[in-house]
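Taken in order, these protein sequences are the chains called A and B. Following the numbering used here, the numbering of the first sequence begins with 1 at its first residue and continues without gaps. Following the numbering used here, the numbering of the second sequence begins with 1001 at its first residue and continues without gaps. The beta-carbon is built from N, C-alpha and C at its ideal position, and this holds for glycine as well. Working notes, beginning with the structure itself.
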Amino acid sequence: MDRRTMLSRVFKPSPYSPGASKFTNALLRTQDNKEVRFYDDLIKGKQCVINMMYAECHGACPLVTTVLKRTYRELKDRMGKDVFFYSISVKPQDDTPAALKHYAKMRNADLPGWYFLTGDSYDIETIRYRLFNMGHPGIDLDFAMHSGTLRIINDATNYWGHAGAFASQGNIMDRIRWADPYKTGAEWAVYARNLQTLIDKDVKKYGYRRDV
Amino acid sequence: MPTKKAKNRQRIEKKTEGTISRRSVLKIGAAAGAATVLAPNIITSKAAKALAFDPIPPPLVQCTAAVRSPVHTPFVDDLPVPFPALDHPLSPPPQEVANTGAGEWPRANHQRWTQFTPAHVTSELEARPGLHTFHSDFGPSYIWGFNGVYPGPMILNRYGKSTIIRFRNSTPPNGDNTFGHPEITIHLHNGHHGSESDGFAGDFFPSGSWKDNLYPNCYAGLDQFGGNGDSREKMGTFWYHDHRAEKTLNNNVMGLNGMFIVYDPTDPGHEHPSAGSLRLPGYYGVTDFPLILTEKRFCALDAQGRNEMVNAAGGDKWIVNGAIQPKLTVRRRKYRFRILSTGPTTAQWDLKLIGPTGTSASETMTVVATDANFLEHPVPVDDGANAANSNAVVGATIVTPGAIRVNVAERYDVIIDFSKYSAGDKLYLGDFGAGRSQNVNDTGSGNTNPPGLPPGLNIGNVIMRFDVVALENWFAADTPDLPATLCTMPDPVVPDTTFEWNFNRDPVGAVPRLFRINNRVFDANVPQHCIIKGTSEEWFIDNNDQVGTNWAHPVHIHFEEFRIIERWAIVGGVFQQVPVPVLYQGRKDVTKVEPGEAARIRMRFRDYTGRYLIHCHNMGHEDAFMMVAWHIVPDAAAKAACDALIVKANQEFEAKLRNEEVS
């Protein structure tokens, strides 16, 4: 996709997307105090990576923010165009937009296409549950859970995936790629040709297909 | 990249091959009007139209609500028997190097190609949408199945007959209004073959492409024993299924799995005397049946006249071979059933057979094989004299006395001798695990038992019914008594080294709570262990989750079979060795570790190199990261390079924990 098509891109959801009924269309605020609707403005037709955090967290949150920064660098050309990061506060009562702005700035993470979000605590609890529930009360009712999981969604293809934030960077990139929009036959052919070249190189070097 | 012209040519070639693929039938259908002379008589244009698999419309609405399935009447449908796949030539012919120009997905070259080709058997399985009726009270349901059917076609195969299966992905390329994902990779559980044919979870291929898997049907130990390997490594009941990372659960619930049987002289697929034959009941579909178990939930009849499957892992209807509470007519003689649980998640089947006398005493089922491998001696299981043979154990306690516990992906081959019963008797195979029941005809308050059930039996526990009739003269005569010894075990493994795998989801320091193995999530490109081909190891498989949590893990190891030499559990607060149930003493490829339990196993890594997996076979857990790659490497230099990958990944992991930016 060239730059012009990307900029003019209309975010088209999958006809099978569960839409706001699953994601909710809760009114959230960004670190710039801009009002956004969770489904309509943030999810609809987009590929995104979502994590839960809060500004005063001294455990996993800053570590995950670092990981996302690295990921951001690798996805720089797509960020804010067809890939978005959402860091949602699980302590919205403490995290005002200003507090989140401070958090993002302090960590050099106040970047285009990366939104830090706060809102009504009931709404956020609903979002957290809907996005990260594992069908187990021991996990699902504990708000400190999932801080290390990145939820990967592509609403254009109705894809749900996830990555462990502490996995290798290659693994995180793999999993975001696994959620990419469906390729056309011609795009797959190019992809396949490159893949076969990598495999052959690998086999030549190590005697077996190793890390592609 | 193939040109459009070349692609068309391939398409044409495909159409002219001798098989009735969906496309060729469409072609025949089109041609039939113009030139009926060319089509075989049987394919009139009307018949061709009926065969032409009109594109199947996806569900109108995706059912996600936790509804109760509609009511069904028990025991009206016959047990379906998956139809065997046909052997037919492939076009273009299979080749050692990936035929990417013709649409084959990239892979490493087939290992041992010259040894095992030309293949004796070739066949194609196309993953595509289909409609399947799970019960005659229901409308059809939208599924994805191999060749459009569920369960997938049965592959009947023979040791020494190398086989190439072309897996073609014709799932809807843009997804569909369903929960399957149109990228697949097919694992043969638990074949001894190269990594490129093993359905590695990261090697999935998109809709429109295909991949040849070479199944040599050899015994493990090719290098060591020469020829076709060590015949003591014989296996019988395999199954094939999708293994796409993150989406295994979805695609298996959609229906992408089937059974695969490999015969050999001891178990030849027939019953008449032949050299070395154990003479077990062995006519497929006559005296030898698969029982492929799963559970599903269905929505109410929709506007398309369908009862769609609910997008959920569990279910309130138990399915055997794609039918809800079917019946099977059996003669007064011995039968073999190959029981497989396809899960998909927490389902564990504590199977008992209930006869006319009722639940006060269960009837005997004799286990001859576990996970495709013969036990040394047949093991009868019932809740009377043979209650202690049950493997439904937690710690050292049998929790469902007399039951055969079938965990996800495990196979149990059992012999049932119906000659003990009278014509007209009915027997019931059921799951009697604590809390297990399907909501048959449930109106919210309890089950309605149909008349005629044996005393004590609740219809909600019943999987299927056997109707005993006389053994007519024209039917195959009964097989002899079971031999006392079924096989000779391979030589004990002398491990070269040991390794430990910890399965858990509990927090360690700042590491978040995910389903992990050795603190790692599934990474297709980073192994956690490197093994030189031809060596053997002892592995300690430990479930670190606390006792009392319900995180039990049926652990599956790809490639070779292992033997459990020790089981450990916390009994009375002390972590100690506990007995290995007799059903776990044979060769296995799945071992379930309950919370706080562990197993010590030994296995060999012979003949092939590449990437293989160890994972929890609860498909929810494996999709949620509980899977790890390990590599078999050709030599010490490759091992050093492989170990370096692990070291690098560990450094990266630790740097992340220190909140350092890694470049």
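### Per-residue contacts from residue 1652 of chain B into chain A (C-beta, under 8 Å)
168, 169
### Cβ contact (3+ pairs, closer than 8 Å) linking the region 1319 to 1330 of chain B and the region 1356 to 1371 of chain B
no
### Task
Report the three-state DSSP secondary structure of residue 1651 of chain B (helix, strand or coil).
helix
### Query
How would you list, in chain order, the residues of chain A whose beta-carbon sits under 9 Å from the beta-carbon of residue 1115 of chain B?
Ordered by position in chain A, no residue passes the 9 Å Cβ test against residue 1115 of chain B, which lies about 17 Å from the chain.
### Task
Please look up how many angstroms separate the CB atoms of residue 1340 of chain B and residue 1586 of chain B, rounded, as I've assumed it's under 8 Å.
That belief does not hold up - the Cβ atoms of residue 1340 of chain B and residue 1586 of chain B are roughly 16 Å apart, past 8 Å.
### Task
Look at the alpha carbon of residue 1432 of chain B and the alpha carbon of residue 1227 of chain B, and state the distance between them as a whole number of angstroms.
46 Å
### Task
Determine, using beta carbons only, whether residue 114 of chain A comes closer than 8 Å to chain B.
no
### Task
Measuring alpha carbon to alpha carbon, tell me which of B/1397, B/1385, B/1251, B/1362 ends up nearest residue 1343 of chain B.
B/1251
#### Entry: Short CB-CB distance (under 8 Å) between residue 211 of chain A and chain B
yes
### Task
Please report how far the alpha carbon of residue 1186 of chain B lies from the alpha carbon of residue 1091 of chain B, in whole angstroms.
20 Å
### Task
Return the bridge partner residues of residue 86 of chain A from the DSSP annotation.
A/50, A/115
### Query
Which residues in the same chain as residue 1098 of chain B place their Cβ atom closer than 6 Å to its Cβ, once the five residues preceding and following it in sequence are excluded?
1104, 1106, 1107
### Query
Quick one: is residue 1268 of chain B near chain A, going by C-beta distance under 8 Å?
no
### Task
Determine which residues share a DSSP beta bridge with residue 1380 of chain B and list them.
B/1366
### Task
Return the Cβ separation of residue 1403 of chain B and residue 1351 of chain B in integer angstroms, given the expectation that the two are a contact with Cβ distance under 8 Å.
6 Å
### Task
Note down, in chain order, every chain B residue with its Cβ under 8 Å from the Cβ of residue 62 of chain A.
1659
### Task
Report the option in B/1313, B/1640, B/1515 whose CA atom is closest to the CA atom of residue 1064 of chain B.
B/1313
### Query
Of all the options B/1594, B/1235, B/1320, B/1653, which has the alpha carbon lying nearest to the alpha carbon of residue 1489 of chain B?
B/1235
### Task
Specify, as a first and last residue, the run of the beta strand (DSSP E) that residue 1143 of chain B falls within.
1141 to 1146
### Where residue 174 of chain A meets chain B, residues with beta-carbon distance less than 9 Å
1202, 1245, 1523, 1524, 1525
### Query
Of all the options B/1121, B/1407, B/1474, which has the alpha carbon lying nearest to the alpha carbon of residue 1371 of chain B?
B/1407
### Task
Indicate the three-state DSSP secondary structure (helix, strand or coil) for residue 69 of chain A in the structure shown.
helix
### Query
In the region 1469 to 1521 of chain B, which residue ranges form an unbroken beta strand (DSSP E) of at least 3 residues, counting only runs that do not cross its ends?
1497 to 1504
### Task
Label residue 15 of chain A either buried or exposed according to how many other C-beta atoms from any shown protein chain fall within 10 Å of its C-beta, with 16 as the threshold for buried.
exposed
### Task
Measure the alpha-carbon distance for residue 126 of chain A versus residue 95 of chain A and round it to whole angstroms.
17 Å
### contact_flag[the region 63 to 72 of chain A, the region 24 to 34 of chain A] where n(CB pairs < 8 Å) is 3 or more
no
### Task
Could you tell me the distance, in whole angstroms, from the CA atom of residue 170 of chain A to the CA atom of residue 1076 of chain B?
53 Å
### Task
List in chain order: all unbroken alpha helix (DSSP H) runs of 4+ residues lying wholly within the region 1222 to 1269 of chain B.
1222 to 1225, 1248 to 1254
### Task
For the region 191 to 207 of chain A, enumerate the residues whose C-beta is nearer than 7 Å to any C-beta of chain B, in chain order.
192, 193, 195, 196, 199, 203, 206, 207
### Query
Do we get a CB-CB distance below 8 Å when we pair residue 122 of chain A with the residues of chain B?
no
### Query
If you run the structure through DSSP and keep just helix, strand and coil, what is residue 160 of chain A?
strand
### Task
Counting only runs of 4+ residues fully inside the region 1575 to 1626 of chain B, write out the alpha helix (DSSP H) ranges in chain order.
1619 to 1623
### Query
When the Cβ atoms of the region 1446 to 1463 of chain B are set against those of the region 1359 to 1369 of chain B, are three or more pairs found closer than 8 Å?
yes
### Message
To be precise: take each residue of the region 153 to 168 of chain A, compare its Cβ to all Cβ atoms of chain B, and keep it if any distance is under 8 Å. Which residues remain?
### Response
157, 158, 159, 161, 162, 163, 164, 165, 166, 167, 168
### Query
In terms of residue numbering, what span does the alpha helix (DSSP H) encompassing residue 97 of chain A cover?
97 to 106
### Query
Once you ignore the five residues that flank residue 12 of chain A on each side, which residues in its own chain have a CB closer than 7 Å to its CB?
45, 156
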